[in-house]
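Visitor:
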Ligand SMILES: N[C@@H](CCC(=O)N[C@@H](CS)C(=O)NCC(=O)O)C(=O)O
């Protein structure tokens, strides 16, 4: 069976697309039209009842939640992550869930503050200010782990964790919801080297091209200019 990835350009589904390209497995894509809020349509909610992108159709049914999909793909294909009996498995899970919860989850809070604070502009600003601090602190912890030379954050042989962190770095740099003065990739030199290495990989270039993300989607991110659909 060919996987089917329900995606929108430059959404969390981009991480899954990179993993599928790195694995070299066949897949098709179906656009979720965000300009019409199709992630909340009845048809899409049959795939992901939470109305969030991505969803991946697999032989074991439809999967949702980015890191669940990443881990499932890695386990299923025995690639891009330490196997369950590998001595690094515990640390790998720890950092993958750390990135999902604190970085991706933090970004979600800042992208959609009204879902969490209501309409008050002051409350939304307070949330964003707090999240800038939190994201900086948490990215520094991932940088410290990468700086130990840990192979699961190596851009020349990416893992699903590296793919996840790379996409989050892109969104920190690119999206204006947080303001643009708080984030500097240069503060995370090991992660910067990782993403630069990733950008030289044909699989990553294919994934970025498919969503109109340019040649340097992580080290010099530009707004998506996708062949179909829209990021928001
Ligand atoms: N925890 C979810 C979060 C996914 C998520 O935040 N998706 C965003 C796009 S990047 C989305 O669906 N946004 C539209 C919405 O929430 O209405 C996951 O990891 O899959």
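Residue numbers (my numbering): -6 to 225. In this text, a Cβ means the ideal position worked out from N, Cα and C, and glycines have one as well.
Runs of 3 residues minimum, wholly inside the segment 126 to 159: which ones carry the beta strand (DSSP E) assignment?
Guide: none
Visitor: Kindly indicate which three-state DSSP category residue 105 falls into: helix, strand or coil?
Guide: On the chain shown, position 112 is the one that residue 105 refers to. Looking at residue 105 - three-state DSSP - the assignment turns out to be coil, as it is neither helix nor strand.
Visitor: Could you give the residue range of the beta strand (DSSP E) that holds residue -1?
Guide: Residue -1 sits at position 6 when you count from the first residue of the chain shown. First-last of the beta strand (DSSP E) with residue -1: -4 to 0.
Visitor: Using DSSP with H/G/I as helix, E/B as strand and the rest coil, what is residue 118?
Guide: Sequence index remark: in the chain shown, residue 118 carries index 125 (1-based). Helix, per DSSP.
Visitor: Please tell me whether, using a cut-off of 7 Å, the distance from the CB of residue 189 to the nearest non-hydrogen atom of ligand 1 is below it.
Guide: Position 196 of the chain shown, counted from the first residue, corresponds to residue 189. Every heavy atom of ligand 1 is 7 Å or more from the Cβ of residue 189, so no.
Visitor: Relative to the C-alpha of residue 20, which candidate in 81, 130, 113 and 48 has its C-alpha closest?
Guide: Counting from one through the chain shown, the residue named residue 20 turns up at place 27. That would be 48, whose Cα lies nearest to the Cα of residue 20.
Visitor: Compare the beta carbon distance of residue 12 and residue 153 with 8 Å and say whether it is the shorter of the two.
Guide: Numbered from 1 along the chain shown, position 19 holds the residue referred to as residue 12. Numbered from 1 along the chain shown, position 160 holds the residue referred to as residue 153. Cβ atoms of residue 12 and residue 153: closer than 8 Å.
Visitor: For the segment 22 to 47, which segments carrying the alpha helix (DSSP H) assignment without a break, of at least 4 residues, lie completely within its bounds, in sequence order?
Guide: 35 to 38
Visitor: Less than 8 Å separating the beta-carbons of residue 148 and residue 186?
Guide: Counting from one through the chain shown, the residue named residue 148 turns up at place 155. Counting from one through the chain shown, the residue named residue 186 turns up at place 193. Their beta carbons are under 8 Å apart, which means residue 148 touches residue 186 by this criterion.
Visitor: Is residue 228 near ligand 1, judged by its Cβ being under 7 Å from some heavy atom?
Guide: The chain is shown from -6 up to 225; residue 228 falls before or after that span and cannot be answered.
Visitor: Tell me which same chain residues have a C-beta within less than 6 Å of the C-beta of residue 224, skipping the five on either side of it?
Guide: If you number the chain shown from 1, residue 224 lands on position 231. These residues qualify, in order along the chain: 2, 3 and 217.
Visitor: Determine contact between the segment 54 to 70 and the segment 22 to 34, defined as no fewer than three beta-carbon pairs at a distance below 8 Å.
Guide: no
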